[in-house]
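Student: Numbering (the numbering used here), first residue to last: 267 to 418.
Note that the Cβ used here is the ideal one computed from N, Cα and C, for glycine as well.
In this text, all values refer to a predicted model and were calculated from it rather than measured experimentally.
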Amino acid sequence: MARRLFAGMWFAIAAVIPVAYYFLRFRESGVAQFGAGLPIFGGSSVLTAGLPILIAGICGLLLGSSILDAEEIRTAGQAIGRGLMVALLSYLLLFTGAAVVLAFNNDDLVGTVALFVIVFLYGLLFVGWLVAGVGAVAGWLLYIYRLKSVET
267 MARRLFAGMW FAIAAVIPVA YYFLRFRESG VAQFGAGLPI FGGSSVLTAG LPILIAGICG
327 LLLGSSILDA EEIRTAGQAI GRGLMVALLS YLLLFTGAAV VLAFNNDDLV GTVALFVIVF
387 LYGLLFVGWL VAGVGAVAGW LLYIYRLKSV ET
């Protein structure tokens, strides 16, 4: 269980990088705007920052912890792939959850689906590359940590 929690925290900490990038991208006069929350979260900076980190931590706990298992993940490439899977699943769950909340709070289903697709694709182009890169590097670094610490 300790390994699972460690992997969850590892990926949650890694998720801070894309979240920080989002807030730094929308800064005014060189200072990050913490009122620049995503509209799908009601403009709340707490939800915009907290939910991706929480979801990445949960996905890291459930999927990323296998990187610490020498019998399941044997190579750095497998660890990178698992880290990428954690990151992309986290991204998908974040936007799917937001779409479900929007669907329940909106009477216009077609407009909600259109908004979801637009925001999902915009986010994929805007920050998806960073999410994928951070996830892959986090998986690789967790693998290196396992080689240096856990197996000795």
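Along the alpha helix (DSSP H) that carries VAL393, what are the first and last residues, could you check?
Tutor: Taken as a continuous stretch (DSSP letters only), VAL393 belongs to no alpha helix (DSSP H), as it is neither H nor E.
Student: Is GLY316 near ALA273, with beta carbons less than 8 Å apart?
Tutor: In this structure, ALA273 does not lie closer than 8 Å to GLY316 by Cβ.
Student: Under a three-way DSSP split, which group does MET267 fall into?
Tutor: Residue state, collapsed to three classes: coil.
Student: Among LEU375, TYR411, LEU360, whose alpha-carbon lies nearest the alpha-carbon of GLY389?
Tutor: Answer by Cα proximity: LEU360.
Student: Starting from GLY349 and walking both ways along the alpha helix (DSSP H), at which residues does that stretch end?
Tutor: That run of the alpha helix (DSSP H) goes 342 to 371.
Student: Is it true that the CB of GLY401 sits closer than 8 Å to the CB of LEU350?
Tutor: For LEU350 and GLY401, yes; Cβs fall inside 8 Å.
Student: For VAL423 and LYS414, what's the separation of their Cα atoms in angstroms?
Tutor: Only positions 267 to 418 of the chain appear in the structure, and residue 423 is not among them; the question remains open.
Student: Taking just the CA atoms, how far does VAL285 sit from LEU313?
Tutor: Distance between the alpha carbons of LEU313 and VAL285: 11 Å.
Student: In whole angstroms, give me the CA-to-CA distance for ALA322 and ILE279.
Tutor: Rounded to whole angstroms, ALA322 to ILE279 spans 9 Å at the Cα level.
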